[in-house]
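Beneath this line is the structure, given in structure tokens, with notes to follow.
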Amino acid sequence: MGSLRPVDPGSTSPAQPGFVATSANWLINWSRKNSLWPMPLGLSCCGIELMGLLGPKFDLARFGAEAARFTPRQCDLLLVAGTLTWKMAQAARTIYDQMPDPKWVIAMGVCSSTGGMYDSYAVVQGVDSILPVDVYVPGCPPRPDAVIDAILKLQKRIERENPLGRLLGPAVAPRPEEGTGALDYQPNRGLRRTALDKHPHDPKARFPIDETPPRRTEVQP
Amino acid sequence: MTAGATAPRFAPALAGLEHRLVDSGDGMPTIEVARERLHELLARLRDRAGFGMCTLVTAVDHLPAEPRFQVTHQLLSLEHRDRVRVHCRVPGNDPWVPSCVDLWPGANWSERECWDMFGVRFAGHPDLRRLLMPEEYDHHPLRKDFPQGGIEPDRLYREWDRKRRAGWSEPR
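The listed protein sequences derive, respectively, from chains H and Z. Per my numbering, numbering through the first sequence is continuous, rising by one, with the last residue being 285. Per my numbering, numbering through the second sequence is continuous, rising by one, with the last residue being 341.
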């Protein structure tokens with residue numbers, strides 16, 4: 065949970081405010097992680113697995129994330145399931161921008177994680193080119209179990225967050241990936257031009273060497 | 170058409186219009202025509218020969234050769250149960266052909282796709298936007314000089330950024 069600033073700066077007791085803040089953080093995180101509202105962005109065959117995930121057999125309701133809504137205004141978990149083309153990327157970024165904070169992103173499948181087998185001019189080589197991603201799920205498509213695992217990992221991640229500190233703390237400049245709506249988070253920008261054009265079929269050339277996308281928490285085996 | 174074959178069914182419809190029958194190798198009657206007479210030829214095929222359906226508008230890039238592009242229309246006659254193919258070669262520095270959307274409204278998206286992929290303009294098209302690639306993309310991917318590894322849509326980023334900073338948020 066980490067160190068927390070006192071809720072009431074005028075308080076004389078050193079222990080009590082920390083306890084209050086910690087408990088409030090725990091409560092907020094507990095309620096957030098157990099009521100994720102996914103925005104299903106089913107772009108290709110991964111969307112079919114997503115339907116199975118939300119259906120009765122795999123039953124995402126057990127983890128409190130079954131209330132899929134098709135308006136981003138009501139959602140806090142963006143499930144990018146499938147191949148994101150450049151034409152769709154504009155809409156995907158708009159959907160992400162329309163989701164209220166706090167929000168998390170799961171890149172489901174290899175296409176949305178890295179571009180997958182579509183090494184093409186038409187396909188975004190990983191949605192982390194335009195969005196910050198919390199959990200990457202490999203697979204083509206991944207089984208619903210893998211996505212459940214991703215959601216459990218995301219819940220563990222949410223447990224470690226500090227919502228009260230973020231609310232009451234000093235105003236921090238938004239990280240570049242949480243920009244003001246401008247498309248300024250592009251860790252892979254220019255990469256294809258510099259490296260991949262020289263070695264168009266070298267898989268290692270696709271990934272940045274000195275630049276790790278932020279908020280990458282878990283990469284499933 | 171091979172030598173000795175009978176004249177195709179649509180031959181009377183094209184009387185007086187300069188064109189050339191070529192052998193496409195697959196048995197489908199194929200007409201080669203200059204682009205100045207393309208629209209007139211297509212209109213005659215529709216009105217006088219019964220080709221009521223335009224099934225395909227596409228192009229071929231013969232890069233080292235000039236004229237570079239070959240725009241291909243394939244027409245279908247449901248009543249006569251036959252097809253015809255129309256070739257039209259256009260130069261690489263000025264690739265355009267007349268649009269046939271006024272003849273077959275269904276050719277609209279085919280011509281948009283052909284513009285998107287090959288950069289061949291269709292004069293008189295009501296709404297010649299790209300069909301598959303984003304509008305801000307600069308290149309035409311099915312051209313022979315398009316690199317195999319693709320081209321990162323750099324201008325795309327800049328356009329989005331500029332529009333978003335100006336308060337624009339809805340995708341087209």
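Using N, Cα and C, we set each Cβ at its ideal position, and we do this for glycine too.
{"query": "Alpha carbon of L245(Z) to alpha carbon of V202(Z), nearest angstrom", "result": "18 angstroms"}
{"query": "Residue interval of the alpha helix (DSSP H) (run including Y160(H))", "result": "W150 to Q162"}
{"query": "At least three beta-carbon pairs within less than 8 angstroms, the stretch 154-169 of chain H to the stretch 122-132 of chain H", "result": "no"}
{"query": "Through-space distance from Q317(Z) to S87(H), alpha-carbon basis", "result": "57 angstroms"}
{"query": "Cβ neighbours of R256(H) in the same chain (closer than 6 angstroms, five flanking residues each side left out)", "result": "Here the model assigns R256(H) a pLDDT of 40, short of 50, so the residue's position is not dependable, and the following value carries that caveat. Correct list: empty, nothing qualifies."}
{"query": "Rounded C-alpha distance that separates L117(H) from L216(H)", "result": "14 angstroms"}
{"query": "Three-state class that DSSP yields for M302(Z) in the structure shown", "result": "coil"}
{"query": "Cutoff 8 angstroms: S184(H) Cβ touching any chain Z Cβ", "result": "yes"}
{"query": "Reduced DSSP secondary structure (H/G/I, E/B, other) of T227(Z)", "result": "strand"}
{"query": "Where the beta strand (DSSP E) through H242(Z) begins and ends", "result": "F238 to S246"}
{"query": "Distance CB(S177(H))-CB(P196(H)) smaller than 8 angstroms", "result": "no"}
{"query": "Per DSSP, the bridge partner or partners of W168(H)", "result": "L141(H)"}
{"query": "Inter-residue Cα distance where the pair is R299(Z) and F127(H)", "result": "43 angstroms"}
{"query": "Chain Z contacts made by the stretch 135-154 of chain H, where a contact means CB separation under 9 angstroms", "result": "T149, W150, K151, M152, A153 and Q154"}
{"query": "Backbone CA spacing between V211(H) and I159(H) [nearest angstrom]", "result": "21 angstroms"}
{"query": "Beta-carbon proximity list for G319(Z), same chain, < 8 angstroms, skipping 5 on both sides", "result": "P310"}
{"query": "Sheet register partners of D251(Z) (DSSP bridge)", "result": "S246(Z)"}
{"query": "Proximity winner among Q219(H), T135(H) and L91(H), relative to D161(H) (alpha-carbon distances)", "result": "T135(H)"}
{"query": "Pairwise C-alpha distance: L214(Z) and F220(Z)", "result": "6 angstroms"}
{"query": "Option nearest L297(Z) by Cα separation, candidates S279(Z), P233(Z), D216(Z) and H308(Z)", "result": "S279(Z)"}
{"query": "6 angstroms CB neighbourhood of V255(Z) in its chain, flanking five on each side removed", "result": "I200 and H242"}
{"query": "Beta-ladder partner(s) of E113(H), from DSSP", "result": "DSSP output for E113(H) lists no bridge partner at all."}
{"query": "Cβ-based burial, F83(H) [other Cβ within 10 Å; buried from 16]", "result": "exposed"}
{"query": "Beta-carbon proximity list for A276(Z), same chain, < 6 angstroms, skipping 5 on both sides", "result": "C223, V226, C269 and V270"}
{"query": "Within 8 angstroms of chain H by C-beta, residues of the stretch 291-322 of chain Z in sequence order", "result": "L301, M302, P303, Y306, H308, P310, F315, P316, Q317, G318, G319, I320, E321 and P322"}
{"query": "Same chain only: Cβ atoms within 7 angstroms of R133(H), ignoring 5 sequence neighbours per side", "result": "W101, M103 and C139"}
{"query": "Identity of the residue in P164(H), M172(H), K167(H) and A186(H) nearest V144(H) by Cα", "result": "M172(H)"}
{"query": "Within 8 angstroms, strictly: CB atoms of M302(Z) and D285(Z)", "result": "yes"}
{"query": "Proximity of D198(H) and W150(H) at Cβ, strictly below 8 angstroms", "result": "no"}
{"query": "Terminal residues of the alpha helix (DSSP H) in which E209(Z) lies", "result": "L207 to A218"}
{"query": "Cutoff 8 angstroms: Y249(H) Cβ touching any chain Z Cβ", "result": "Only weak support is given to the placement of Y249(H): the predicted model assigns it a pLDDT of 43, under 50, and the value that follows is read from those uncertain coordinates. No, its Cβ sits nowhere closer than 8 angstroms to a Cβ of chain Z."}
{"query": "Anticipated Cβ contact below 8 angstroms, L228(H) with N89(H), distance rounded", "result": "5 angstroms"}
{"query": "Integer Cβ distance of W265(Z) from V289(Z), believed to fall under 8 angstroms", "result": "7 angstroms"}
{"query": "The alpha helix (DSSP H) enclosing I212(H), as first and last residue numbers", "result": "P208 to E223"}
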